[in-house]
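Quick note: the sequence shown, position 213, residue 213 per full-length UniProt numbering, numbers continuous.
Even glycine gets a Cβ: it sits at the ideal position worked out from N, Cα and C.
Model, not experiment: these values are computed from the prediction.
Notes follow the structure.
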Amino acid sequence: MDFALPHIHEDSVVTSSNIRHVPLETPVSKDDAADDTQQQQQQQKEQEPPLDDMLIEAANQAAIDLFFGLDSGEDPTKLDCTAYPERSTPQSETIQPGALVVIFESFDNLNFCYAKVGEIFRNRNGEFYHDDFIGKPFGCKIRSRNNRGLGYLYLLKPTPELWARSLKHRTQIVHELDASMIVFYLNIRPNMVVCESGTGSGALSHCIMRTIAPGGMLHTYEFNQQRADTARVEFEKNRVSHLVTVHHKDVCGKHGPGGFDRPQASVDAVVLDLPEPWNAVPYAAHCLKPGGRLASYSPCVEQSQRTVTALQGLGFHTIKTMEFRLKEYYVDDEELELPPKEKRQRIVDKRQTLVGTTDGGAYLSGQDTGTETDPETRTSRNATEGDPEIVLTTTTAGTTNEDPSTVSPAAAAATEGSSSSGSSKTPKRKKFLVARPFVTMRGHTAFLTFATAGNKLQPLPK
Numbered sequence: 001m002d003f004a005l006p007h008i009h010e011d012s013v014v015t016s017s018n019i020r021h022v023p024l025e026t027p028v029s030k031d032d033a034a035d036d037t038q039q040q041q042q043q044q045k046e047q048e049p050p051l052d053d054m055l056i057e058a059a060n061q062a063a064i065d066l067f068f069g070l071d072s073g074e075d076p077t078k079l080d081c082t083a084y085p086e087r088s089t090p091q092s093e094t095i096q097p098g099a100l101v102v103i104f105e106s107f108d109n110l111n112f113c114y115a116k117v118g119e120i121f122r123n124r125n126g127e128f129y130h131d132d133f134i135g136k137p138f139g140c141k142i143r144s145r146n147n148r149g150l151g152y153l154y155l156l157k158p159t160p161e162l163w164a165r166s167l168k169h170r171t172q173i174v175h176e177l178d179a180s181m182i183v184f185y186l187n188i189r190p191n192m193v194v195c196e197s198g199t200g201s202g203a204l205s206h207c208i209m210r211t212i213a214p215g216g217m218l219h220t221y222e223f224n225q226q227r228a229d230t231a232r233v234e235f236e237k238n239r240v241s242h243l244v245t246v247h248h249k250d251v252c253g254k255h256g257p258g259g260f261d262r263p264q265a266s267v268d269a270v271v272l273d274l275p276e277p278w279n280a281v282p283y284a285a286h287c288l289k290p291g292g293r294l295a296s297y298s299p300c301v302e303q304s305q306r307t308v309t310a311l312q313g314l315g316f317h318t319i320k321t322m323e324f325r326l327k328e329y330y331v332d333d334e335e336l337e338l339p340p341k342e343k344r345q346r347i348v349d350k351r352q353t354l355v356g357t358t359d360g361g362a363y364l365s366g367q368d369t370g371t372e373t374d375p376e377t378r379t380s381r382n383a384t385e386g387d388p389e390i391v392l393t394t395t396t397a398g399t400t401n402e403d404p405s406t407v408s409p410a411a412a413a414a415t416e417g418s419s420s421s422g423s424s425k426t427p428k429r430k431k432f433l434v435a436r437p438f439v440t441m442r443g444h445t446a447f448l449t450f451a452t453a454g455n456k457l458q459p460l461p462k
């Protein structure tokens with residue numbers, strides 16, 4: 001993976017500034033004593049250093065303030081801008097023989113392979129030759145040589161997140177959301193020393209190694225011999241073995257001596273992914289630096305409760321337990337029909353007559369807004385009397401459709417025209433950005449407990 005490659009040193013603004021410490025043969029001395037006689041003042045003036053030396057001395061002091069701040073105990077020989085180049089991680093743009101490649105088959109189906117000459121990757125989409133992978137850029141689309149080239153897949157550059165979704169699970173893994181929270185709350189930074197108990201499938205290990213690169217070290221412990229050996233081989237293949245040391249050991253001490261085999265107060269952070277993490281807390285407290293951070297990953301809240309009790313007894317503070325769940329949504333553009341804006345159908349009594357108005361409109365006589373009989377009551381009454389007088393009419397803005405026997409010819413023609421024009425309109429449709437959650441969520445129930453070690457050094461448990 002790219003994060004494990006040695007950093008590239010390139011020229012930057014600092015290296016091109018030409019700021020450095022220039023040694024002087026005779027240091028400039030400052031004498032604040034007052035001379036009374038004119039002769040002594042003249043001699044002191046003759047002994048003053050040249051102006052160039054004074055400027056150089058001022059520039060040296062400015063360089064010290066710039067590079068070291070208020071700390072004046074640093075070695076002045078380190079005051080050279082060429083010692084501060086810009087560091088960056090080299091990016092591998094093309095697939096080389098032996099490189100790890102993450103294969104994207106579908107949204108929820110990822111696989112991986114190591115590109116080798118003459119090898120073939122087979123899946124339901126066809127046969128894909130590694131010779132077609134080598135030399136191609138990451139992210140390209142490769143078609144199968146059989147099935148008339150209808151099958152295809154994408155070749156992705158490996159990252160800890162993609163590796164966690166494509167690796168073969170030997171145990172339950174720590175998914176990317178929990179892993180990112182662990183790295184964040186432990187305040188892991190480059191060149192740190194971190195201990196991890198419970199290597200498992202190595203998903204969390206890759207996330208930690210990316211953060212502590214290029215000069216950090218991860219000590220990961222696994223009590224199962226087979227899983228420890230498999231993880232060691234995978235780290236070698238992924239070219240990150242210089243950032244990790246795999247130990248076959250039970251840190252809880254149930255199957256032999258426990259502990260992390262690290263000196264006292266020598267570790268910056270500890271991660272516990274164990275069935276009984278409270279048994280490993282005393283050993284973690286011994287090797288953690290004052291102010292170091294600890295994280296415990298437990299699937300049951302009862303485990304977290306016992307872990308918190310053990311942490312409190314060993315001087316840990318700022319203890320916090322949290323649960324993180326990642327809910328994914330499927331987002332897409334969908335064309336939906338707009339809601340209707342016309343008036344809804346209403347119930348009209350045929351016994352009501354249409355009476356003309358002065359403004360050319362019409363209204364129903366016998367209708368009293370606010371005191372109108374409930375339509376359901378009226379319907380039941382008419383049904384009882386045997387006189388079906390209730391009909392449904394469609395109304396539009398400004399018009400009222402009535403029984404042709406009670407409507408004037410002009411009003412009937414106008415109503416018929418508006419009805420025909422309204423029915424001929426097709427419903428309007430518009431594209432909307434919609435989302436729906438997936439039925440299942442990746443991951444499993446887990447509680448993360450974070451704590452900070454106290455300033456008191458803890459002895460090694462017996």
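Assigned exposure category for residue i - 16 Cβ within 10 Å defines buried
i, result
"residue 166", "buried"
"residue 78", "exposed"
"residue 162", "buried"
"residue 282", "buried"
"residue 148", "exposed"
"residue 188", "buried"
"residue 421", "Bear in mind that a pLDDT of 49 at residue 421, under 50, signals an unreliable position, so the number given afterwards is only what the model happens to contain. So residue 421 ends up on the exposed side."
"residue 114", "exposed"
Rounded C-alpha distance that separates residue i from residue j
i, j, result
"residue 464", "residue 458", "Shown here, the chain extends from 1 to 462; a query on residue 464 therefore has no answer."
"residue 4", "residue 239", "7 Å"
"residue 373", "residue 335", "Any reading at residue 373 must be qualified, since the residue scores a pLDDT of 48, below 50, and its modelled position is unreliable; no value is offered."
"residue 306", "residue 319", "13 Å"
"residue 329", "residue 445", "19 Å"
"residue 266", "residue 155", "41 Å"
"residue 285", "residue 246", "21 Å"
"residue 164", "residue 211", "16 Å"
"residue 33", "residue 290", "Confidence is the limiting factor: at residue 33 the pLDDT is only 45, short of 50, which leaves the residue's position unreliable and the question unanswerable from this model."
"residue 277", "residue 252", "8 Å"
"residue 294", "residue 133", "42 Å"
"residue 181", "residue 59", "45 Å"
"residue 310", "residue 332", "49 Å"
"residue 185", "residue 111", "30 Å"
Residue i, enclosing alpha helix (DSSP H) - first and last residue
i, result
"residue 233", "225–237"
"residue 178", "176–185"
Boundaries (first-last residue) of the beta strand (DSSP E) holding residue i
i, result
"residue 65", "Looking at the DSSP string, residue 65 is not in any beta strand (DSSP E); the run it does join, the alpha helix (DSSP H), is 51–68."
"residue 122", "120–123"
"residue 435", "429–437"
"residue 127", "126–129"
"residue 205", "Here residue 205 belongs to no beta strand (DSSP E); instead the alpha helix (DSSP H) covers 203–212."
"residue 102", "100–106"
"residue 188", "It is not in any beta strand (DSSP E) - residue 188 carries neither H nor E in the DSSP assignment."
"residue 450", "447–452"
"residue 195", "193–197"
Best match in the options for proximity to residue i [C-alpha to C-alpha]
i, options, result
"residue 431", "337, 460, 346, 444", "337"
"residue 437", "342, 326, 339", "326"
"residue 288", "94, 455, 308, 206", "455"
"residue 122", "108, 153, 177, 11", "153"
"residue 225", "208, 317, 214, 250", "250"
"residue 197", "260, 108, 310", "260"
"residue 275", "233, 232, 222", "222"
"residue 465", "9, 451, 299", "Given that the chain is displayed from residue 1 to residue 462, the structure contains no residue 465 and the question cannot be resolved."
"residue 18", "81, 2, 150, 50", "81"
"residue 62", "22, 107, 50, 183", "22"
"residue 317", "193, 171, 235, 452", "452"
"residue 428", "339, 300, 450", "339"
Below-9 Å beta-carbon distance, residue i vs any chain D residue
i, result
"residue 321", "Annotation note: the requested chain D is absent from the structure, which comprises a single protein chain."
Q) Can you give, in chain order, each stretch of the alpha helix (DSSP H) that sits fully within the stretch 240–310 and has at least 4 residues? A) If we require 4 residues or more, the alpha helix (DSSP H) runs fully inside the stretch 240–310 come out as 281–287.
**Q.** alpha helix (DSSP H) segments (min. 4 residues) lying fully within the stretch 137–176
**A.** Counting only runs of 4 or more, we get 160–166.
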